[in-house]
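Asker:
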Amino acid sequence: MRLRRWLEPGIGVKRWLLLMFVGLLVLALGVAHVIRQITPDLQLSGLAASLIGAVTLQFLPFPLRGVVAGAAGAALFLIGAWRLARNLTDPLRQDELTPIADVIYQRRSLARGPRIVAIGGGTGLSALLRGLKQHTSNLTAIVTVADDGGSSGALREELGIPPVGDIRNCIAALADAEPLMSELLGYRFPGGHDVVGGGPVETERGGLGGHAVGNLLLAAMTAIEGGDFEEGVRRMNRVLAVRGKVVPASATPINLVAQTRDGTKLTGQSTIMRTPGIERVWIEPRDVRAADDAILAIADAEIVVLGPGSLFTSVLPVLLIPAIRRAVANAPGIRVYVCNVATQVGETEGFDLADHVEALIAHTQSDIVDLVIANDRFDGEDAPWPADAVALRWPPQVEPAPHLVTEAVASLADPHHHDPERLATAILRAIERDGPALRRERVARIA
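Per this note's numbering, the sequence shown starts with residue -19, numbered consecutively.
(1) What is the DSSP secondary structure of residue 413, counted as helix, strand or coil?
(2) Under the rule that 16 or more other beta-carbon atoms within 10 Å means buried, what is residue 38, buried or exposed?
(3) Pick helix, strand or coil for residue 405, following the three-state DSSP scheme.
(4) What's the gap between the Cα of residue 119 and the Cα of residue 308?
(5) Can you tell me the Cβ-Cβ gap for residue 348 and residue 385, rounded? I've got them flagged as a contact below 8 Å.
(6) Who are the near neighbours of residue 415 in its chain, counting only those whose CB is closer than 8 Å to its CB and skipping five residues on each side?
(7) Would residue 99 and residue 122 qualify as a contact pair, given that the criterion is a beta-carbon distance under 9 Å?
(8) By Cβ distance below 6 Å, which residues in the same chain neighbour residue 182 in space, the five residues on each side in sequence not counted?
(9) Count the other CB atoms, across all protein chains shown, that sit within 10 Å of the CB of residue 331; report buried if there are 16 or more and exposed otherwise.
(10) Check whether the Cβ atoms of residue 300 and residue 258 lie closer than 9 Å to each other.
(11) Put residue 378 into one of helix, strand or coil per three-state DSSP.
(12) Please report the straight-line C-alpha distance between residue 154 and residue 223, rounded to a whole angstrom.
(13) For residue 368, I'd like the list of residues in its chain whose CB is within less than 6 Å of its CB, leaving aside the five on either flank, ordered along the chain.
(14) Please state the DSSP three-state secondary structure of residue 315.
(15) Where does residue 395 sit, in a helix, a strand or coil, going by DSSP?
(16) Determine the extent of the beta strand (DSSP E) in which residue 383 is found, giving its start and end residues.
(17) Which residues bound the beta strand (DSSP E) around residue 251?
(18) Quickly, what does DSSP pair residue 99 with across the bridge? List them, please.
(19) Between the region 283 to 295 and the region 327 to 344, can you find at least three pairs of beta-carbon atoms closer than 8 Å?
(20) Do residue 239 and residue 128 count as a contact pair if the criterion is CB distance below 9 Å?
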């Protein structure tokens, strides 16, 4: 089984084994030719003749000598190559139960996957990343920096750094040892900045009370880099060896501001997310500088995924950064919006699919989305969640209207959230099926 795995296409071993074998064969022929040249008239007798005869297999019929010698040489070569490969690759083994051939095959296969950028924040983006990392390691998560609640909000206020909670969750989602890494980075010291109903609640605590381990690590890495938040996050990616990379939308903390339909003005992500009747949102400062890595990743991406996640408090805060909005609008890749499975108490109460898309376009620009992915399986209405499934009203009142793909992407265990693998598969399948036609339509509109 293990030998067959080493010989499967795509692992990049067979061609080099063959080249080594051919090289040894040519070397053997060269040595034989040299020996033949320097000993043309050599006459041997006695013990020397017997030894030479045994080594050259003179006791076998002439046709069998080459076969036996070749088989013995090939066996020695393969044993040596196998042991060498084991000694070189054992340090890469993730655990004792995972064959190293599987590890190498997976990494080489993922390295050839599509270049994907995912934009947003919260649990939705983390779920998407968990699914996509099984298909590609060319992943970049561009994460909102508008959070102002809980441990992230406290560190933002105390240290002046952008909020790190969503970045921590995305790094954990892309880690190889994801369940353990999520548990470690998400561990909160007792007391402090607990979150109830979306807002921070102060409790009795010590200096670390309420802070997540991952948040403190990101804060420490930023301090080590002399306050350079972008470089601190880059270093965190490398230290934890994630599949792909996580990038903050900006190195500057962003304040989210909203206005409701009755004209009330609200400030702060944690307040806005609990408020119904949101009419529009914006960020302050409005001309905030985008992270360089984010712009480069979007320009290089084959697929740009917006969401899933809170529309007004996770997805839009990233797209409202002018440079990122322009980069997505001009991106050569297919732009996909993943609508939430369920509405959210507060900011999207009563929203259907078309409402989500219309709000997204109204806050950005037309033609910023090519494809919309929505859930069409509405199981589990009795699940204990104070929200409704997003109704599939279509099309939205926008021109041009994006293409719509509906699939069963909700989780069986939690019907009000996405299943990571189902969602990732649906996105890649839709791109493979509809991508060429979508690209032709974009070219025709530009022309």
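All residues carry an ideal CB built from backbone N, CA and C; glycine is no exception.
As the structure is a computational prediction, the values presented were derived from the model and not from experiment.
Answerer: According to the data block:
(1) In this structure, residue 413 counts as helix in the three-state DSSP scheme.
(2) exposed
(3) helix
(4) 16 Å
(5) About 17 Å separates the two Cβ atoms, so there is no contact after all.
(6) 314
(7) Result yes, Cβ atoms of residue 99 and residue 122 sit closer than 9 Å.
(8) Here the model assigns residue 182 a pLDDT of 45, short of 50, so the residue's position is not dependable and the matter cannot be decided.
(9) With 16 or more other Cβ atoms within 10 Å, it is buried.
(10) no
(11) Correct three-state label for residue 378: coil.
(12) 5 Å
(13) Closer than 6 Å at the Cβ level, and outside the excluded window around residue 368, lie 323.
(14) In this structure, residue 315 counts as strand in the three-state DSSP scheme.
(15) coil
(16) 383 to 387
(17) Unbroken run through residue 251 is the alpha helix (DSSP H), 249 to 252; no beta strand (DSSP E).
(18) 122 and 286
(19) With the cut-off at 8 Å, the region 327 to 344 and the region 283 to 295 touch.
(20) Between residue 128 and residue 239, the C-beta gap is not smaller than 9 Å, which leaves the two residues out of contact.
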